Amino acid sequence: MPIGASVRRVFPAGAPASVFLYCLAPDRLLGWTRALRADEAAFLLPEVAALPELGRLTGRGSTAALESVLAMRAELIVDVGAVAPTYSSLADQVQRQTGVPYLLLDGAFERTESTLRRLGSALGLTARAESLARGTRAILDAAAELRAGLAEGDRPRVLFARGPTGLVTSAGLNAEVLDQVGAINVARVDAPNLALVSLEQVSAWRPDWILASDPSFVAQLDRHPVWSRLPAVRARRVLLIPRVPFGWFDAPPALNRLIGIEWLSAVFHPRRVHDRLDERLAATFEWLYHRRPSIGQMRALLATTR
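Laid out in structure tokens, this is it:
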């Protein structure tokens, strides 16, 4: 279905699309997959952060009714993520039922630049899309240069520990940032996205660093009979992934992961990254999110990671 020449009202099908749309065209975004918390909104444009909760059209546990697309007078639906036949079929179905064009874009890290340019072309915002694409390429190129200079012994062995037990991990889409920053993902799992593992597996992997998503998990590590014996916990190399305004590592897998690349590059390789991290991240926040945080805000965020 052709896309109108002057699309102003865009419905995000899921959380990654929300982030892409906010970064590229905040004034076109109709809402969020869930209402934003106050700590998230503090880093975004106030009028956009206050937009309503729409639910999700795609992904596990979709919550948005097709009627909401019509009620919001959407002129375009945008979905960013997997482009497998299942999702293409869903896009066709929603488009037929609503009469609203549905644009499905590839969310893989290596496709970020082309996804930005396609979305920018669809919305008539090619200059902003090009700025985002070139900035993305600069961050990815800097990460590639960093990786190229690493000896094998310089690569940290990292476990991504998701959830309150830390036993959900990934060797796929949800952990792509680790590859970008020259880390070795110790998880040996076959699932394309998230997988449940055992304490025995974690003990055998013996990570040097742990990246955690849940504060309650981090709080009990020192007392846990198994986790407390791991090298990462003994050496105090446990990082809590910041979640504002969006996750810095994987939630959702969108442009927000660029923040995670800059953060973890500096943490894992402090002798090779010489920028002041708080100033660097403040500039990247402004470029992505249209609002520059203070250095105090950035330092407070970074302080929560340890």
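In my numbering, the protein residues as written are 365 to 670.
Every residue, glycine too, gets a C-beta built ideally from N, C-alpha and C.
The model shown is predicted, which means the values in this text are computed figures rather than measured ones.
Would you be able to state if there are at least three C-beta pairs under 8 Å between the segment 574-586 and the segment 504-515?
no
For A551, I'd like the list of residues in its chain whose CB is within less than 6 Å of its CB, leaving aside the five on either flank, ordered along the chain.
Residue numbering aside, residue 551 sits at position 187 when the sequence shown is read from its first letter. So the qualifying residues of the chain are T533 and A535.
To the nearest angstrom, how far is the alpha carbon of E404 from that of G395?
One-based indexing of the sequence shown puts residue 404 at position 40. One-based indexing of the sequence shown puts residue 395 at position 31. Cα to Cα, the separation comes out at about 14 Å.
D443 in three-state terms, based on DSSP
Within the sequence shown, residue 443 is the residue found at index 79, counting from 1. Strand, per DSSP.
Does the Cβ-Cβ distance between R618 and A448 come in under 9 Å?
Taking the first residue of the sequence shown as 1, we reach residue 618 at position 254. Taking the first residue of the sequence shown as 1, we reach residue 448 at position 84. Residue identity differs from the one stated: residue 618 is Ala in this sequence, not Arg. Their beta carbons are not under 9 Å apart, which means A618 does not touch A448 by this criterion.
Between R401, E411 and I441, which has its C-alpha nearest P376's C-alpha?
As a first step, residue 376 must be located in the sequence shown, where it is residue number 12. Selected option, being the one with the closest Cα: I441.
In angstroms with no decimal places, state the Cα-to-Cα distance between A486 and L531.
Against the sequence shown, residue 486 aligns to sequence position 122. Against the sequence shown, residue 531 aligns to sequence position 167. In a straight line, the C-alpha of A486 is about 41 Å away from that of L531.
The alpha helix (DSSP H) enclosing D642, as first and last residue numbers
As a working mapping, residue 642 is identified with position 278 in the sequence shown. First-last of the alpha helix (DSSP H) with D642: L641 to Y653.
Quick one: give me the first and last residue of the beta strand (DSSP E) that P376 is part of.
Your numbering for residue 376 matches position 12 in the sequence shown. That run of the beta strand (DSSP E) goes V374 to P376.
With respect to the alpha helix (DSSP H) encompassing V582, which residues constitute its N-terminal and C-terminal limits?
Sequence index remark: in the sequence shown, residue 582 carries index 218 (1-based). P579 to A583 is the span of the alpha helix (DSSP H), which, as asked, contains V582.
CB contact flag (V545, F610, <9 Å)
Here residue 545 refers to the residue found at position 181 of the sequence shown. Here residue 610 refers to the residue found at position 246 of the sequence shown. The answer is no: Cβ separation not under 9 Å.
Whether L415 touches D443 by CB criterion (9 Å):
The residue given as residue 415 occupies position 51 in the sequence shown. The residue given as residue 443 occupies position 79 in the sequence shown. Not a contact, by the Cβ cut-off of 9 Å.
Considering only residues of the same chain and omitting the five flanking positions on each side of L388, which have a CB-CB separation below 8 Å?
Taking the sequence shown and counting its residues from 1, one reaches residue 388 at position 24. Here the set comprises L480, L483, G484, L487, L489, R492, A493 and L496.
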